[in-house]
Structure formats: C-alpha cells, structure tokens
Amino acid sequence: MTEPSTPGTNLSPAPRGDFQAGEPTRDPQNSPDRYLRVLRALTAEISRHQHPGPMLDAVLPLVAEGLGFEGGWVFLRREPDGFFLASSYRVPPGLAADSHAGLNWSPCRCQRRLLSGDPLISSSWQPCERLERAAAGGVAGCNPAFHATVPLLAGDRVTGLMNLVPAGLEPPAGLTELLDMVGRLVGLALERTWVLAEAQAARRREQDEAAELARALLNVGTVEDLARALFPFLRRVLEPDGLSLLVVDPTGTYLTLAAGWGWSEAHVGRLQLPLRPPESSGPAWVIHTREPALFELGNTARPFFVPEPVRRAGVRQSLMLPLFSGEQPVGVVAVNWFEVRPASEDRIRFAGLLCQIAAGVLARVLELQHLHEVVEELPIGSYRSTPDGRFVTVNEALVKLLGYPDRATLLATPVPAIYVDPRDRVRWQRLIERRGTLTGFEVRWRRFDGTPIWVRESARAVQDVSGRVAYYEGTVEDVTEKKQSEERARFLADHDPLTGVFNRRRFQAELARRIYLARRTGRSGAVLFIDLDNFKAVNDLLGHQAGDQLLQELAALMRSRLRRGEILARLGGDEFGVVLFPADADQARAVAGRLLEAIRERTSLLGGGRVRTVASCGIAVFPGQAQTVDEVLAAADRALYAAKDRGGDQVELCCPGTAWLHGPIADEVSRALAGNGLEIFAQPILDLRSGQVTQYELLVRLRSGENLLKPAAFLEAAERLGMVTRIDLKVLTEAVRVAREAGLRLHVNVSGPTLNDREAIERMVRLLEEARVDPNRVVLEITEQTVLADLGSVRRHLKTLRRRGYRLALDDFGAGFSSFHYLRHLPVDYVKIDGSLILNLPNDVPAQKIVRAVAALIRDLGGATIVEWVEDEATLETVRALGVVDAQGFYIGKPVPVAEILAAEAPSGRESAGRKSAS
C-alpha cells in the first residue's frame, strides 16, 4: 500500500551515477572524532526543528554522509499496525521515478519483524527485499542488497525505522553502538515534535473553545443564561457529576447558589453560604485565597467546613474555581465528583480560564440585576472615517456598541456596510457635505451579529489645506430603546394594551369621521355596543388573568369576523364597540348577529375548564337616529341596556320614540358636565387614636331637578359614555383646591377608565404641580372592580402617581375574591374594609376575627385600615378595640357640601369642629 509522505519529504532520486556498487564515496571507518562531530551536528540540527517532516529531511542526509552511507529512507509507525514513508535521501535509480512505488511498499522484512513482536531495540544489518528485487531485475546500483536498520526509540517504544544503504559490498564494522545513539536521538526528537504538535493542537482547541464560550456569553442577560452557556464547556473538560454557580450578593457578605446542574439543581436559590470566616465553606475559602483549589472532602485536613447539602448529596471531591472581575469577587464555580479522581493540571487550568471569561460577564449581569433594571447599555461611541467609507479610528465604546469581537474587525468593515439601508448612508453624506456638521441624525445600523439597532449620529467634516474633506469625525449613541418606547407610545395612544384593538379615543375619532362622511354622502352608518353578559363571574371565579385571556380571545374572534374598514375597539372593561360604514339597520343587525353567534359558539379553555360566553348588543344608526358622537354613543348605550333588560344574549336596535331606562340619566350626565350639575360633598373620617377628624372623603352628586342623585345612579352610564374620566378630574380638581385652602387630607374615588388613560394620568400629575399642593394630602381610592380590566396597566399608572406623592387606598376590601391578590400587587397606603363586614360587627364574632386579622396584616405591611358603615357607638368601640386606625360612617358624620367643611376648617371654626369630632 502506498503511503503519502509528510509535507517537506524529499523523494527525489539522486543521479544514477551517485549510487554505483563498488564505488564508495565515503569511508565509514572514520575516526571517533568525526563521529563525535556528526553527533554534535545531529543534536544541533534536531534542536532547530519543531515538525517531524522537515527535521527528518535535514537529519537523514547528515547521518548518511557523516557516517559514510550512500543513502537511505525513514519509515514512521502508523498505529496500530502500519508504516508510512516519512523521508528519503539518494534513492537508488532502480527504485526511483516510475518504480518508486517499490520503495513505498509496506510492510517489508524489518517492519514485519517489528509488527510480529520483535522488540528491535538495537541497530542491525538486514537483507533488503526491495534491493534484491531491483538487483534481480538487472537494475544497476542496487548492490549490495542489504541495509542497516536503525530503530528510532522514544524510551522503549519504536516510533520508526531508519534504513541506511552502505557504500560498499560489505557492512561497515563498529557502527552499531553509534547508530543506536543516532536512533535514540532521532526517536526522542520525533517524540518531542509530536508532543509539541499535540500541545499546540490542544492550545488551539482551547482557544477555539474559549472563543466559542465568549460568543455564547455575548447576549446572556441573566445568571441562569450564563450558567446554561458555561456548564456544557466545563462538563466536556472536567466530566463532573455536578456543577454549581454561586454568586456574591451586593453587600459582599454571602454567596447564593444561583444555578446548578446535577444534585445542586434542587437547591438553587435556597443555599446561602457566608463569606466570612473563610473556613465556613470551600467557596468562601477560595474567594479568600483567590486561587482555584481541588479538595477531597473526606480529608479532615481540609481548611474549611463542608455544607450539609453537599454531604447529603454524596460529594467526595470538589474543585473550587473563584470568579473575579478585576479585584472584585463575583462568584465561585464548584465542580463536584462522587468519587475521588485524578485531576489533570492542564484541565484545571483551562477550566479556570473558561471561568474567568465568564466572570466579567457575570459581573455585568449581577450589576444589572442588582439595579432591578432591564438590561440596557447606552454607550457613546466615537470614530473617524474617510469619505470613501473606511474607518480610520474607533473607540472601544463603539466596538462594544456594535458588538464586534475586537477593534481590528470593526476597522476592517466598510462604513456603508453598517447601515441597514445603504440609502441612509448616501443621504447622511450629502447632508454633511452640504452643512459641514450634522447633529442628531437618527438611523438604523447593523451590529456584528446582524441585529439592527437605532443610533443617533452626530458628526462634522474635517477639511485638509486644499479645502477638500479629509475625514469625518463623529459620535454614536444607541437610541434603540427610545425608538421602541416612542413606537409603543404611538401604538398605545390609539390601541388598547390588552387586546391590541383600537381604544375608546381612537374609536370616537373614527366614529366622528364616519358621521362627517355620512352627512356629506347621504349614506348611513351604525355603531354596535357589545358587552359580555357573564364576565364578572369569570373574573370572580377564575381570576383576572383568565378574564384577560378571555378578552384577548374574543377581541381576536370579533376582528376575524369583521371586514376590512369595519372598526373594532375596546371601550373599557368587557365592552367593545364596532363602527360600520356604510351600513343600514338591517346590515348592522346581520353583523351583530354574526358576532354574537361566534361568541356564543366559542368555548374557551380557562382555569383548567371550558367556559362559554354570551354577549348583548345595542345598535344605533347615524345620522338618522343621532347626529353627534355623544348622541350616537348614548343611543347605542341605551339599546345595549334594553338588550340586557330582555335577558341578555340579544341584539337591540335604538328606535326613535322608544322610552329607554338609561336615556334620561345619560342626558343628565351630559348636561351636568356642560354646566354646574355636579356637586361635591365631603364625609369625615375619624382617627380612632386621637379622636379627631383628620381627613375627609369627597363624594360626587348629580343635580337632577330638585333631587341629588348618588353615584350608583349615574356613574355606570357615565363610564359607558366615556364621561367618567371628566367626572373624576372634576372631583380631583376640587380636592386639590380644598387641600390647598384648608390643609386637609382628602380621599377621592378614581374609576378604571381614568387609571387606564395615559393623558388623564399626566393631567393628574400636572394638577398637583401647578397647584403646588403637598400630594400626600390627596388619597386616591380604587376598588377591585377598578383594576379588574387591566391590572398591568393600572399598576404601572398607580406606581407613577405614587412616585409623584399621591397616597393610595384600596376600597371595599374583602368584597371580592381577589382582594389579597391586589393587596400584594398594588402600592397602597390605606385599606378600607368593606362595610358588609361591619354590619352587626359587635355581635358577629367571625367578622370581628376577620377585621382584627386584616388590621394586623395591613399594619405589618406599613399601611393603615379604615372601616366604613360605622352607624352606632357600639360598632365604633368594637372597631377601635380590634386595632382599626380610622373609621367612617353616619355615626361619625354624614356627607355635607364642601363649602361647609371649608367654613368649619377656617381659623374661627377649626377649634369648635375639633371638639365636636372628638366627642
């Protein structure tokens, strides 16, 4: 079988006349001095080479000529049972050129001896089959037909054979010992080159693994992500039975098990180890010594205690690898084995290198987590670039911003290639050449991994002495998050955040446009109000998440049943609106029937069970039945209530001349908002500790002729017509005025639509700022029903108001199924216990236990409790004994016009008011 030679092998034959029998060119019987010189030269030549091929090509001529041989060749062993030709020198002509395959044939006699188990530890003279065949064939220059076989030894292992052909017909005498020395020198040198090659290959593998890990760590955002990237590498290198990643807490006092593989997975987040004293655990010890350490845990000479979970897991050997970012310890990787194993220092060293690569990333991840912020980096990069699109200089911040592995890679990247749209680069260049400078140019760039980002680029053109542009220099800031926030804000201005359909504001705008078109074209349109008949039961029984899921599914269902151009919006809670144009009454009925049928037939999987939903629909046609947006909405709302009054799951059309139950109320609300029909009353709240009235709840009333209507009579209609936010803001404006004039703390009820309205929230903030009132004097009261529709949005807006100083109260606590859930998720200062628990409280022992427990719980959470419906002295004394802080009810004081409170709190009346409230 013909074997390929190694790179650099010299297989060119010598000229035929150089290898003639009987014409020796060298005398092998030379003096010892010459042999010594040969050995010195051989040693020097060997030391110059790091690769076996070039070394043998240099050594073989030196040995042959120095010791008087005509030529030779070297075969190296190929495990398990073969050889390959590695080098040759002065190959006889008969074995060259077209018959060279004869030399490369294997195995020959000497090779067979070695393969058969003959140790061949010393040089010997062997008949050569190749030379014999060539001589028998009449090939000149192949006598004598024997050669010296020199085993190339590395220790006791033969790595190859050097065959040397003598110049004469007889074997030279006295060379065996010398050739053995040559064989050992060359054999050891080969072993050295192979070890060096293997070491270099191992280093390359390590470099590849390290680079692969660095790439895997590029985009990790959590400790868990980092462990998922790091652990597979450590498992390949160390073959452990378990891995643990412990991180240093922000105070630097303890380590927490943050990620694990194997036995430690079950203890993630539950195992904490103190860092002091260092002897308290192995991880604390290596943080102290700053060096990796391998320990047999059964060895009592170890310098630290073994945590109990580690003992119970059966760990017998651990490698601790400390993680430092600069001088700062950030964590420890613990590698565990259930049996004591020999450990390679190279593997431990490489594992430590991998861990240090991860340490810098871990430090960044921990810093971001400790700040409780979304992972974001806003680096400012700087650069210089040429007009033809080459970077001249870039700083590290720009390299990092664009995610390039190093500065050189970014410098080698053409500038236009970084722009997502090449036309932006052309536009940028035209602008800067015309203006000389460019500020705040926002454009999309592409990171090294292909991810697009938004950047704000500012630059100037620098000219040379001739007035031509020599280069550009500029700065780059990542504004991706700003752009995303702007896009999100634009979306939320018109869309409901929960369902993604239009919101009430956009719905009314679209309706106004279609009313205008209807007037101009003489065609008609219709509005559909659709309200779920059993939504509250879903929320109460299955929770708000199930309710949210149901609303999302129904919004998607209705959107799929509507045609292009037909508008769908969520108006609030479980109510949706549809605008059809052009459409008449019959067409509107058909669409409504189709939507209600789809809702009726749909089964949703909520809370582990199947839920069927039905809805009611009210229809108003415009411009025939109504002329303005408010009139159309009021008509559709009245029709919806008629459908519900008929038992639900109905479609009702608003017809002129029909008496509607809710019509007058809607008209009253509209007139009240247009004029002065809303009146504000205040009810006192008694501090049970001091016996003084320290705050009031403001209550709104609607003036209807000679009567004053309470909120229950008109707020629902106002909410459905989109007017409730205006009412809330009117009451809040009055509260700010009274708080400023009288220095009182006032409670104001706020509805769900208001808390879901971003513009309303901004106005509430401005209201306090413009009035310069201490916001602690205004308490916003919300109910469970208020946040039911969209807890996430309401919670965000409440946090905004809370940061601006408003106090918050959770009203009607205990009236719903989810009160404790909201208590956990909302930043409340007060909890108002629902009045249903207070009725007959002196005689209701279970209710007393509930009130006592709630009061204690709220006190532990840093808040205060207020009870409502205190109607007699016995109830007042009972709630005082149960630990309640404040009380409200007719026994303490009935609601009175705000003007009376202002008069009572004036300097002349304040003292008498205080005496009365304490009595």
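Each residue of the sequence shown is one higher than the one before, counting from 1034 in my numbering.
Note that CB positions come from ideal geometry on N, CA and C, so glycine has one too.
Model, not experiment: these values are computed from the prediction.
Strand pairing of Glu1506, partner residues [DSSP]: Arg1417, Arg1493
For Asp1379, the three-state DSSP class (helix, strand or coil): helix
Residues that DSSP places opposite Val1107 in a beta bridge: Ser1120, Met1195
Neighbour-count burial assignment, Gly1558, 16 or more Cβ in a 10 Å radius: buried
Reference Ala1492; option with closest CA among Arg1397, Phe1474, Leu1251, Arg1501: Phe1474
Collapsed DSSP secondary structure at Trp1902 in the structure displayed: coil
DSSP state of Gly1605 mapped onto helix, strand, coil: strand
Limits of the unbroken alpha helix (DSSP H) element including Phe1266: 1256-1271
Euclidean distance between Cα positions of Thr1636 and Leu1583: 10 angstroms
Delimiting residues of the alpha helix (DSSP H) encompassing Trp1461: 1455-1468
7 angstroms Cβ shell around Ile1925 - same chain, five flanking residues per side excluded: Pro1717, Leu1719, Val1903
Asp1682 in three-state terms, based on DSSP: coil
Of the listed residues Glu1730, Arg1479, Leu1843, Thr1286, nearest to Leu1779 (C-alpha basis): Glu1730
Residue range of the unbroken alpha helix (DSSP H) whose run includes Ser1518: 1513-1527
Unbroken stretches of the beta strand (DSSP E), 3 residues or longer, contained in the segment 1729-1775: 1740-1742
Terminal residues of the beta strand (DSSP E) in which Leu1160 lies: The sequence shown places Pro at residue 1160, not Leu. Counting along the chain, the beta strand (DSSP E) containing Pro1160 begins and ends at 1157-1160.
Status (buried if at least 16 other CB within 10 Å, exposed otherwise) for Pro1930: exposed
Proximity winner among Thr1209, Arg1081, Ile1866, relative to Tyr1068 (alpha-carbon distances): Thr1209
Exposure label - Glu1490; buried when at least 16 CB within 10 Å: buried
The beta strand (DSSP E) enclosing Leu1927, as first and last residue numbers: Before going further, note that residue 1927 is Lys rather than Leu in the sequence given. No beta strand (DSSP E) holds Lys1927; DSSP gives it neither H nor E.
Nearest residue (CA-CA) to Leu1574, options Glu1112, Val1560, Val1644: Val1644
Rounded C-alpha distance that separates Gly1193 from Val1183: 9 angstroms
Residues near Leu1544 by beta carbon distance below 6 angstroms, same chain, minus five either side: Val1612, Val1662
Beta-carbon contacts of Asn1428 that lie in its chain and below 8 angstroms, excluding the five residues immediately before and after: Gly1414, Ser1415, Tyr1416
Local conformation of Gly1115 per DSSP, three classes: strand
Rounded separation between Phe1481 and Glu1749 - CA only: 56 angstroms
Span separating the alpha-carbon of Ser1826 from that of Arg1840: 18 angstroms
Reference Val1665, options Leu1561, Phe1264, Val1219, closest by Cα: Leu1561
Gly1555 burial status per 10 Å Cβ neighbour count (16 or more: buried): exposed
Helix, strand or coil at Leu1278 [DSSP, three-state]: strand
Buried or exposed (CB count within 10 angstroms, at least 16 for buried), Gln1728: buried
Beta-carbon gap between Pro1355 and Val1343 smaller than 7 angstroms: no
Pair within 7 angstroms by beta-carbon distance, Ala978 and Gly1847: With the chain covering only 1034 through 1952, there is no way to say anything about residue 978.
Under 7 angstroms between C-beta atoms of Leu1601 and Val1534: yes
Start-to-end residues for the alpha helix (DSSP H) that takes in His1082: Neither: His1082 is in no alpha helix (DSSP H) and is coded neither H nor E.
Where Tyr1549 falls, given that 16 or more other Cβ within 10 Å makes a residue buried: exposed
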